[in-house]
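Shown next, in structure tokens, is the structure this report addresses.
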Amino acid sequence: MVTTLINPQNGNLAFKIFDFESNEHFDHIQRNNYYSLIFVKEGEGIVKADFTNYELKRNTVFAFSPYQPFMFVPKETVKGFAIQFHPDFFCIHRHQNEVACNGVLFNNIYHPPLLEINDLQVQQFDIIAGQLKEEAQNVALAQYELLVSQLKILLIHLSRIKVEQQPDTTAGIIDGKQPFILQNLKDAIENNFKTKHSAGDYAGLLNISAKALGRITKTHFNKTLTGLISERIIIEAKRELYLTSKTIKEIAYELGYDDEFYFSRFFKVNADVSPQLYRDTVGFAVAEK
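Counted from 1, the sequence shown has number 12 at position 12 by the UniProt record's numbering; the numbering is strictly sequential.
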């Protein structure tokens with residue numbers, strides 16, 4: 001069963017919840033202009049996301065941001081349910097203080113876009129999903145507000161679980177120096193991504209060779225150092241495109257690009273859409289309306 005709410009202002013998807021018992025929903029590349037939470041209850045295989053492969057297995061929740069490419073490559077039938085919502089329906093950036101899922105569930109460049117849940121949590125989320133389905137079909141007073149409230153509860157629970165599981169992503173580090181370097185790399189990217197864009201810049205900041213730093217990054221984040229830097233820049237660009245009315249030229253300049261057209265090409269290569277299309281389909285100056 002599929003329940004979909006449409007934004008009456010533009011005709012785009014606002015909120016959608018559905019069960020799936022086949023592989024046809026996600027067996028091809030997805031580049032949606034909305035957030036996707038996919039609860040896998042049964043099935044095995046591989047999930048391809050951001051040029052990285054992740055294990056697809058039972059009791060796993062995947063969280064994908066707008067235009068984040070992903071697809072399932074199942075070995076057997078995958079069953080579960082999915083919840084999808086547009087930023088116009090609920091903006092995680094504007095409500096960060098309420099749900100704290102930005103940088104945890106979504107837009108986290110250092111951890112996989114997934115979390116594991118136990119059987120008790122599966123039951124808990126089934127109840128919340130049931131409430132969301134019921135309310136999505138209930139065209140009544142304050143339907144939007146109640147749906148958003150239930151969605152917030154779900155996002156908070158998932159964020160808490162993800163935070164508990166994040167330390168496990170660095171398990172298996174043998175070299176005692178590496179955790180120190182990894183944290184310093186995170187700090188360096190966060191403090192300098194607007195002005196330093198090359199792998200060599202960060203190798204210099206950390207006093208380590210670019211080759212060695214790239215090897216550590218690939219081992220522990222399963223991404224290249226250049227990829228990490230680019231992802232951080234794109235996340236900030238998306239936030240500015242969605243939340244402000246700044247021109248693309250202004251955003252490019254703030255992110256260290258003097259050439260607006262070079263920045264637009266960089267954004268399209270990494271986000272699969274142009275900055276203008278992202279703004280038009282995901283949102284425009286919502287915080288200023």
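In this text, a Cβ means the ideal position worked out from N, Cα and C, and glycines have one as well.
Note on geometry: alpha-carbon atoms of residue 199 and residue 27 lie some 34 Å from one another. Rounded to whole angstroms, the gap between the alpha carbons of residue 99 and residue 180 is 29 Å.
Contact between the segment 73–91 and the segment 36–43 is present: three or more C-beta pairs spanning the two stretches fall below 8 Å.
Per DSSP, residue 84 lies in no alpha helix (DSSP H) segment; the continuous beta strand (DSSP E) that holds it begins and ends at 79–85. Between residue 140 and residue 34, the alpha-carbon positions lie close to 24 Å from each other. Excluding its 5 nearest sequence neighbours in each direction, residue 48 has C-beta neighbours in its own chain below 7 Å: 70, 71, 73, listed in chain order.
If you draw a 10 Å sphere on the C-beta of residue 214, you find 16 or more other C-beta atoms in it, and that means buried. In this structure residue 278 is in contact with residue 238, their Cβ atoms being roughly 6 Å apart against a cut-off of 8 Å.
For residue 134, the closest C-alpha among the options 105, 269, 12, 1 is that of 1. If you draw a 10 Å sphere on the C-beta of residue 209, you find fewer than 16 other C-beta atoms in it, and that means exposed.
For residue 136, no beta strand (DSSP E) run applies; the uninterrupted alpha helix (DSSP H) run containing it begins and ends at 119–136, by DSSP.
Exclusion of the five residues before and after residue 228 leaves 109, 189, 217, 221 as the residues of its chain whose Cβ lies within less than 7 Å of its Cβ.
Under the three-state reduction of DSSP, residue 97 is assigned to helix. Put simply, of 255, 234, 244, 113 the residue whose alpha carbon is nearest the alpha carbon of residue 274 is 234. Secondary structure in the segment 27–76: the beta strand (DSSP E) runs of 3 residues or longer, each lying completely within the stretch, are 35–42, 45–49, 52–56, 60–64, 70–74 in chain order.
Taking C-beta atoms under 8 Å as the contact rule, residue 114 and residue 51 fail to qualify, at a distance of about 16 Å. Listed as beta-bridge partners of residue 16 by DSSP are 4, 84. Within the segment 147–228, the runs of alpha helix (DSSP H) at least 4 residues long that lie entirely inside it are, in chain order, 178–192, 199–206, 210–221. Per the C-alpha coordinates, the member of 158, 58, 131 positioned closest to residue 103 is 158. Here the C-alpha atom of residue 136 lies approximately 36 Å from the C-alpha atom of residue 247. The beta carbons of residue 66 and residue 12 sit no closer together than 8 Å.
Here the segment 182–197 does not lie against the segment 144–152, with fewer than 3 beta-carbon pairs under 8 Å apart.
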